[in-house]
Amino acid sequence: MLNFKKYAALLALLPVATLWTQAAHAETLKTKNFKVTITRNCPEGNVTCNNVTYFGKDLKTGKSISLTGKTIHTTGADGITPARFLGYQFRNNEYVYRVTIDGILEVYQGKKLILQEKGSLTF
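Those letters in the sequence shown? Residues -26 to -1, 1 to 97, by mature numbering (1 follows the signal peptide of the UniProt record, and there is no 0).
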């Protein structure tokens, strides 16, 4: 016979464990004008992730934006397999936000680069 109380208690801890796991994947980029927090919302061990959260705050105005995006990688010799991790990409209508592994925040309007700031990326 199953011990219902034991399993109910374990199930009750599942949301806490999920939040802890997501927090473990958070990264922060601080530039002169922005603070960006990136959270991977995929299971640990996944090479690629199409569910990454971007929360950016303008340090001068206090305005913020929240976006969902993905990891970006180079591709292997077969043209399909993800290889070296490059960073993250997020879309907001005609704007594309990129955060590189080198700690660079880039914002494009269409194909035109309209903002680029280097900062420090902490994991």
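By construction, the Cβ of each residue, glycine as well, lies at the ideal position given by its N, Cα and C atoms. Quick caveat, the model's predicted, so the values are computed rather than measured.
Nearest-angstrom Cα separation, counted from residue j out to residue i
i        : j     : result
Gly93    : Leu87 : 17 Å
Leu(-16) : Thr11 : Low local confidence applies: a pLDDT of 45 at Leu(-16) is under 50, so the model's placement there is unreliable, and no value is given.
Pro56    : Lys85 : 23 Å
Tyr82    : Thr22 : 22 Å
Thr(-6)  : Ile75 : Any reading at Thr(-6) must be qualified, since the residue scores a pLDDT of 44, below 50, and its modelled position is unreliable; no value is offered.
Asn25    : Arg14 : 6 Å
Ile46    : Phe59 : 6 Å
Ser38    : Phe97 : 21 Å
Residue of the options minimising C-alpha distance to residue i
i     : options                       : result
Lys44 : Asn66, Leu33 and Lys31        : Asn66
Tyr28 : Lys34, Glu18, Phe64 and Val70 : Phe64
Close beta carbons around residue i, own chain, < 7 Å, minus the five adjacent residues each side
i       : result
Gly77   : Leu3, Lys92, Gly93, Ser94 and Leu95
Ala(-4) : With a pLDDT of 45 at Ala(-4), under the threshold of 50, the predicted position of this residue should be treated as unreliable, and no value is reported.
Own chain, CB closer than 8 Å to residue i, minus 5 neighbours either side, in chain order
i           : result
residue 102 : Because the chain here runs from -26 to 97, residue 102 falls outside it and cannot be looked at.
Those residues which DSSP pairs with residue i across a bridge
i     : result
Thr96 : Thr2
Practice task
Run through the segment 11 to 74 for me and flag every whole alpha helix (DSSP H) of 4 or more residues, listed as ranges in chain order.
Solution key: Taking only runs of at least 4 residues, no alpha helix (DSSP H) segment lies wholly in the segment 11 to 74.
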